[in-house]
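Residue numbers (the numbering used here): 61 to 561.
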């Protein structure tokens, strides 16, 4: 017995030494699959025009009159809703052929499973409640009466007790509540969220029950701390990071059927670090610009067909937004971009869009620091302008429609969506609310496993638009994850392989 105890003590001592070298007691990163819904609907010019207007409305730009007419005809209840200015590896679902990506969380005690869109361009968490008056019959609803930990919040943004969150594609209204929220093994007790009882028609689709905002508290309509920020403040993450790999439609084979809809694996969302199997080389981190609101970087350079594009006179602040499909920019810069593509022309049917010959392969790069990140020509080509046309729609559109964005306004003049995201591995590095450090966004080359070349791109010719650094990442999953458990009062640790996907 003495020998056994001595051996166990020695073993435990070694394990404790190993544990002491780890940063704090926070959990290892968790890698959560994301998914998309495969849509049977065609994605034509009107589809992308509506998507562009949703982005414009979301960031306060004017929308086209044609799209606003379409919105009024399909969103009759938006006037009643009103307008208010407003580490885990988690699987994400790609909804509507790369239009949005969603993950699964649980709310309440016992937990009720719900799918939510992951949106770095907003900060509120909301889900549809059992009293929702106009939710689609396929939308899963949260029943607060079945949760023993549910609390109705006393705060609201109106005398009626209703809070409204305005999005580019509509609005959602309901009451504020608190409950236990778990995503990928991380839990926040008493997380504030909006329990929606009314929303604009078409705001949600299929199995999605709401939106989880991943931007900063300053733009939250609910005036609450976002889920990710609560985890960082509590020290629950081994690193204050969340990372995305977004897969393209057709690049993954995993599919499931939910209520007749086909869901396709859409990539991986990592809380608390990054996933080294999905990128190669270092991560180029760049400090965000201004007071934390959106995740804002300053665009440094844009090229097409090896020509450097003049970015114009507007502020080059760029919102890095998972909730956006396209890339939108100021009028003069977008015009300069397409002027460098032979045969390109404005699309007369929809203001703000340009076309180019479908036979043309676009060689496009964007830089926010020292690295020029290439965008696949297939992502820049949205398909024929109309059936049988030899001209194809471009993935960069005119966001501002001629409106001016002052240099010192703090508002983004660019919104960078999934057209860019699918070409890089992206890491968001936050800070605790009490910290004076600056948040950052990092990009890395996709690994061959993630559909990339595995070779780092070259540098841009322009100087860095913001402070940047390269990092191998303190929470990159190069070693198997550490599993700890208690045995007879002695901590014993075992290394186990973490299966990511």
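No residue lacks a Cβ here, since even glycine has one placed at the ideal position from N, Cα and C.
No experiment lies behind these values; they were computed from the predicted model shown.
Identify which residue in 414, 345 and 254 has its Cα closest to the Cα of residue 176.
Among 414, 345 and 254, the Cα nearest to that of residue 176 is on 254.
Got a sec? Which residues, its chain only, sit under 6 Å from residue 460 by beta carbon, not counting five neighbours each side?
Around residue 460: 121, 390 and 391.
Going by CA-CA distance only, name the one from 304, 291, 446 and 222 that's closest to residue 256.
Distances from the CA of residue 256 to each of 304, 291, 446 and 222 were compared; the closest alpha carbon is that of 222.
Would residue 405 be called buried (16 or more neighbouring beta carbons within 10 Å of its own) or exposed?
Burial call: exposed.
How long is the line joining the alpha carbons of residue 358 and residue 472, rounded to whole angstroms?
Roughly 9 Å between the two C-alpha positions.
C-alpha distance - residue 25 paired with residue 286, whole-angstrom precision:
This structure does not reach residue 25, given that the chain is present from 61 up to 561, and the question cannot be answered.
When the Cα atoms are used, what is the spatial distance from residue 412 to residue 403?
Rounded to the nearest whole angstrom, the CA to CA distance from residue 412 to residue 403 is 17 Å.
Assuming the contact rule is C-beta atoms closer than 8 Å, residue 363 and residue 478 should be a hit. Round their C-beta distance to whole Å, please.
Not a contact, Cβ separation roughly 20 Å.
Taking Cβ positions, are residue 456 and residue 501 nearer each other than 7 Å?
No, Cβ-Cβ distance for residue 456 and residue 501 is not below 7 Å.
Local Cβ density within 10 Å of residue 492, reported as buried at 16 or more and exposed below that
Under a 10 Å Cβ-count criterion, residue 492 is classified as exposed, with fewer than 16 other Cβ atoms of the shown protein chains found around its own Cβ.
N- and C-terminal bounds of the alpha helix (DSSP H) containing residue 482
In the DSSP assignment, residue 482 falls outside any alpha helix (DSSP H) and carries neither an H nor an E.
Going by C-alpha distance, which of 93, 397 and 496 is nearest residue 347?
If we check each option's Cα against that of residue 347, 496 comes out closest.
Is DSSP giving residue 203 helix, strand or coil here?
Reduced to three states, the DSSP call for residue 203 is coil.
Exposure of residue 408, with buried meaning 16 or more beta-carbon neighbours within 10 Å
Exposed, by the Cβ-count rule.
Rounded to the nearest angstrom, what separates residue 103 and residue 494 at their Cα positions?
Their Cα atoms are separated by approximately 45 Å.
Around the C-beta of residue 366, are 16 or more other C-beta atoms found within 10 angstroms, so that it is buried, or is it exposed?
When all chains shown are included, residue 366 counts as exposed.
Thinking just about the alpha-carbon of each residue, which of 369, 414 and 376 is nearest to the one in residue 400?
The candidate whose alpha carbon is nearest that of residue 400 is 369.
Are the beta-carbon atoms belonging to residue 439 and residue 298 less than 7 Å from one another?
Cβ atoms of residue 439 and residue 298: not closer than 7 Å.
Reference residue 233; option with closest CA among 269, 410, 452 and 259:
Out of 269, 410, 452 and 259, the CA that lies nearest to the CA of residue 233 is found in 259.
Does the Cβ of residue 464 have 16 or more other Cβ atoms within 10 Å, making it buried, or fewer, making it exposed?
Residue 464 comes out exposed.
Can you tell which of 209, 245, 279 and 227 has its C-alpha closest to the C-alpha of residue 251?
For residue 251, the nearest C-alpha among the options comes from 209.
Taking DSSP's pairing of strands, which residues face residue 279 in a bridge?
For residue 279, which the question treats as bridged, DSSP gives no partner whatsoever.
For residue 202 and residue 191, the rounded distance between their alpha carbons
So the alpha carbons of these two residues sit roughly 9 Å apart.
By how many angstroms is the C-alpha of residue 474 removed from the C-alpha of residue 169?
One C-alpha to the other measures close to 41 Å.
Nearest to residue 303 (by Cα), restricted to the options 238, 339 and 173
When only C-alpha atoms are compared, the closest one is 339.
Kindly list the residues whose CB is nearer than 8 Å to the CB of residue 171, restricted to its own chain and excluding five residues on each side of it in sequence; keep chain order.
Here residue 171 has 240 and 242 as same chain residues with Cβ atoms under 8 Å from its own Cβ, once five neighbours each way along the sequence are excluded.
At which residues does the beta strand (DSSP E) containing residue 226 begin and terminate?
That run of the beta strand (DSSP E) goes 223 to 227.
In whole angstroms, give me the CA-to-CA distance for residue 124 and residue 245.
Just so you know, the alpha carbons of residue 124 and residue 245 end up roughly 43 Å apart.
Nearest candidate by alpha-carbon position, reference residue 410, set 331, 354, 454 and 349
The residue from 331, 354, 454 and 349 with its alpha-carbon nearest to that of residue 410 is 454.
Could you tell me the distance, in whole angstroms, from the CA atom of residue 117 to the CA atom of residue 503?
Rounded to whole angstroms, the separation of the alpha carbons of residue 503 and residue 117 is 27 Å.
Own chain partners of residue 489 with C-beta closer than 7 Å, once the 5 adjacent residues on each side are dropped:
Residues of the same chain with a CB within less than 7 Å of the CB of residue 489, apart from the 5 flanking positions on each side, are 300, 301, 345, 499, 500 and 502 in chain order.
With the cut-off set at 7 Å, would you say residue 181 and residue 350 are in Cβ contact?
Residue 181 places its beta carbon 7 Å or farther from that of residue 350.
Among 343, 441, 332 and 327, the one whose alpha carbon lies nearest that of residue 162
Measuring from the Cα of residue 162, the nearest candidate turns out to be 327.
Give the range of the alpha helix (DSSP H) segment to which residue 395 is assigned.
From DSSP, the alpha helix (DSSP H) with residue 395 extends over 391 to 399.
Using CA coordinates, which residue listed in 225, 110 and 374 is at the minimum distance from residue 470?
Distance from the Cα of residue 470 is smallest, within the candidate group 225, 110 and 374, for 374.
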